[in-house]
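Novice: Heads up: the sequence shown at position 249 corresponds to 249 in UniProt numbering, and the numbers run straight through without jumps. Before I ask anything, let me first share the structure, which is written out below as structure tokens.
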Amino acid sequence: MTERLDQGWFTEVFDSHGSAFSLMIKDKLHEVQSPYQHLEVYATETYGNLMVLDGCVMLSTRDNFLYHEMIAHPALFSHAAPKRVVIIGGGDCGTLREVLKHPGVEEVVQIDIDEEVTRASQRYFPELTASNDDPRATLKFEDGVKWVENAPAGSVDVMIIDSTDPVGPAEGLFEADFLARCHRVLAEGGVLVQQSESPLYHTGSIIRELRADMQRAGFDSVATLPFPQPVYPSGWWSVTLAGKSNDVTRFRETAAAAVEFPLEYYSIETHRGALTLPPFMRRALLV
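This is how it looks when you write it as structure tokens:
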């Protein structure tokens, strides 16, 4: 993927699939080279602020709720009673905010290697970091892979892998050995969820391989949930859930229907619909 700035437009070119996505920009608000990646923030004409890492769009003010709600709520409602949650990555803190909407959650630890992402989010996406001071939340800036290696067995109910694409700092988060370590750290009945790229572009590659690696790691069930995401390649994205002694093709529908906290996309109907894969995905995944 490559980044291009031309006559007031930011364009992310997805060379391998011959496509691109552009937004009209008003100004560059922020730019920093961290020890891990190149971070930029732009003001756009119609999508609010835009965060870019190494030339790849990470989030916009306008549509980030789609991703953050779908990586958090299906996993939490697929667990019987989630109390201990860990987020690997997620430095923009939008997923943290969604997790903390669940009153039964007692502790959330977020581990992101790059503190610059959180600092930029605090400044340019303050709505995403509004829950950072919640006493249930702990933010750590360190290597998530190493954190999982050292975490006690059976100590986590839900683990959320909120990573960038499987290159650079996030590459280790897609490896089979890492998933096996996540399985060890999860308690019985635990749920793992990982962002799993575009259903249109990656069903026969990244998604299929991730599901197979989850099963090899010892997980008893897997489920891939597609959802719209306009600023990501193809405009369509997915998360994949895995259950440890837990069937993640089922969820607490009564609790999901009774939520009182604010939501923009997730609902009991959205969750049900996302569990029903389109035929081309079912064929590619042999499900």
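Think of the CB as a built atom: it goes at the ideal place given N, C-alpha and C, for glycine as much as any other residue.
1) Output needed for ASP157: all residues of its chain with C-beta closer than 7 Å, excluding positions within five of it in sequence on either side, in chain order.
2) Name the DSSP bridge partner or partners of ASP162?
3) On the DSSP bridge assignment, give the partners of CYS182 in chain order.
4) In the structure shown, what three-state DSSP assignment does THR276 receive?
5) Per DSSP, TYR42 is paired with what?
6) For the region 221-234 against the region 245-253, are there 3 or more C-beta pairs whose distance is under 8 Å?
7) Going by the CB atoms, is the gap between LEU210 and TRP236 shorter than 7 Å?
8) My understanding is that residue 300 touches GLN195, with C-beta atoms under 8 Å, so please give their C-beta distance in whole angstroms.
9) For the region 214-239, which segments carrying the beta strand (DSSP E) assignment without a break, of at least 3 residues, lie completely within its bounds, in sequence order?
10) Taking Cβ to Cβ, would you say ALA75 is nearer than 7 Å to LEU275?
11) Would you give the residue range spanned by the alpha helix (DSSP H) that VAL148 belongs to?
12) Select from GLU269, VAL259, ALA258, GLY204 the residue whose C-alpha is nearest the C-alpha of PHE280.
13) Check whether the Cβ atoms of LEU59 and GLN37 sit closer than 7 Å, and answer yes or no.
14) Any idea if PRO233 is buried or exposed, counting beta-carbon neighbours within 10 angstroms, 16 or more meaning buried?
15) Would you mind sorting LEU100 into buried or exposed? The rule is 16 or more other CB atoms within 10 Å of its CB.
16) In whole angstroms, give me the CA-to-CA distance for ALA130 and ILE88.
17) Just the Cα atoms here: how many angstroms apart are SER155 and LYS140?
18) Once the 5 residues before and after CYS182 are set aside, which same chain residues still bring their CB inside 8 Å of it?
19) Identify every residue that forms a DSSP beta bridge with VAL191.
20) Taking the beta strand (DSSP E) that LEU139 belongs to, which residues open and close that run?
21) Could you check where the beta strand (DSSP E) with SER60 kicks off and where it finishes?
22) According to DSSP, simplified to helix, strand and coil, what is ALA72?
23) For VAL239 and THR95, I'd like the C-alpha separation in whole angstroms.
Specialist: Let me lay it out:
1) Within the same chain, ASP157 has close Cβ partners HIS79, PRO82, LYS83, ARG84, VAL85, ALA187, GLY190.
2) GLY89, per the DSSP bridge assignment.
3) Under DSSP, no beta-bridge partner is assigned to CYS182.
4) coil
5) LYS28, LEU50
6) yes
7) no
8) In the structure as shown, the chain begins at 1 and stops at 287. Residue 300 is therefore absent and cannot be evaluated.
9) 221-228, all fully within the region 214-239.
10) Going by C-beta atoms, ALA75 is not nearer than 7 Å to LEU275.
11) 144-150
12) Nearest of GLU269, VAL259, ALA258, GLY204 to PHE280, Cα basis: GLY204.
13) no
14) buried
15) buried
16) 19 Å
17) 17 Å
18) VAL148, MET159, ILE161, LEU192, ALA217
19) VAL158, GLY243
20) 137-140
21) Boundaries of the beta strand (DSSP E) around SER60: 56-60.
22) helix
23) 13 Å
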